[in-house]
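Taken in order, the sequence shown gives residues -22 to -1, 1 to 203; the numbers are from mature numbering (1 follows the signal peptide of the UniProt record, and there is no 0).
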Amino acid sequence: MKRFFNYLIVLGVLLGTLSVQSCLNDDDTDNSVNYPNALVTIKTNSSTGQVYFQLDDETTLLPTNMKTSPYGNREVRALTNIRVQDGQSGHYSKSVYVNRIDTLLTKNMAQSFGKKNDEKYGKDPVEIVKDWTTVVEDGYLTLRFRTYYGNGKKHIVNLVKGDKPYEVVLHHNAAGDTRGFIRDGLVAFRLNDLPDTQGKTVDLTLKWQSFSGMKSVTFKYKSRK
């Protein structure tokens, strides 16, 4: 299970919050349930309507205190605080009790316009934070990014195809909001526009405009089954 080591400051405009009441054995407040310890995809079983979580490419979680998704049939990425439980989980990998859910901005990849992508989607600088929430899994690229925020304008991030089959480029439009405080945000992109890896694991390269020029990083990627 992924662990939350550092307190994560996330933008309110990028997160929607659902708190699930925790069952406590006494009147003492358990503050540990307020901190995420897993990053998941919230899904719905098309046959039964049961909500379940995808923890990584292979591991599925059955939430024992949730029957249906509060987001309907919409699939979203989310930070959660969960507690693994003993007992039957059916065809799911594990059973868990859900204390908290914080959904992330979850987007499809944007259409590429080639050399006009900078004009279309922006090229304001942003930094990608090396963190447990910056990860490729379950067909998503989830990113913790860092930039300046000051005047309250909405920042927009988009992901488009690069020049190579498994290359993607992050674009950031700050809408002129390029001064102020440094803040972090989280966004998840569904990599459905990339070629099917046919069950193989390949190198996925992410490129972005940083405050010190273009940067890139490589992840291991496998298409969803």
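Cβ coordinates follow ideal geometry from the N, Cα and C atoms, glycine included.
Return the first residue and the last residue of the alpha helix (DSSP H) that residue i is part of.
i     : result
Asp96 : Asn95 to Tyr99
How far does the beta strand (DSSP E) with residue i in it reach, from first residue to last?
i      : result
Gly191 : Gly191 to Tyr199
Thr84  : Lys72 to Asn86
Arg122 : Tyr118 to Tyr127
Ser188 : Val180 to Ser188
Arg202 : Careful: Arg202 lies outside any beta strand (DSSP E) and carries neither H nor E.
Val54  : Val54 to Gln63
Phe91  : It is not in any beta strand (DSSP E) - Phe91 carries neither H nor E in the DSSP assignment.
Applying the 10 Å Cβ sphere with the 16-neighbour rule, what's the burial state of residue i?
i       : result
Ile60   : buried
Thr38   : buried
Gln(-2) : At Gln(-2), the pLDDT of 38 sits below 50, so the modelled position is not reliable; the number obtained from the coordinates is stated separately. Exposed, since its Cβ has fewer than 16 Cβ neighbours within 10 Å.
Pro14   : buried
Ser10   : exposed
Asp4    : Interpretation of Asp4 is limited by its pLDDT of 44, a score under 50 that renders its predicted location unreliable; no figure is taken from the coordinates.
Lys203  : exposed
Lys108  : exposed
Is there at least one non-hydrogen atom of the ligand MN closer than 7 angstroms to the beta-carbon of residue i?
i      : result
Thr179 : Within the structure as shown, the ligand MN is missing, as the structure has no ligands at all.
State the CB to CB distance for the pair residue i and residue j, rounded to an integer number of angstroms; the pair is presumed to be in contact (CB under 8 angstroms).
i      : j      : result
Val114 : Phe197 : 4 angstroms
Arg124 : Thr111 : Not quite, the Cβ-Cβ distance comes to about 12 angstroms (not below 8 angstroms), so this is no contact.
Thr120 : Ala56  : Rounded, the Cβ-Cβ distance is 10 angstroms, inconsistent with contact.
Quiz prompt | Given 8 angstroms, three or more beta-carbon pairs between the segment 182 to 190 and the segment 94 to 107 | solution = The segment 182 to 190 vs the segment 94 to 107: in contact.
Quiz item: Is the number of C-beta pairs between the segment 148 to 156 and the segment 123 to 131 that are closer than 8 angstroms three or more?
Solution: The count of Cβ pairs closer than 8 angstroms, one atom from the segment 148 to 156 and one from the segment 123 to 131, reaches three, so the stretches are in contact.
Quiz item: Unbroken beta strand (DSSP E) runs of length 3 or more, entirely within the segment 104 to 178: which are they?
Solution: Secondary structure within the segment 104 to 178: the beta strand (DSSP E) runs of 3 or more consecutive residues, fully enclosed, are 113 to 115, 118 to 127, 134 to 139, 145 to 151 and 159 to 168 (chain order).
Self-check item: Any 3 or more C-beta pairs closer than 8 angstroms across the segment 45 to 52 and the segment 62 to 73
Solution: Below 8 angstroms, too few C-beta pairs join the segment 45 to 52 and the segment 62 to 73 to call them touching: fewer than three.
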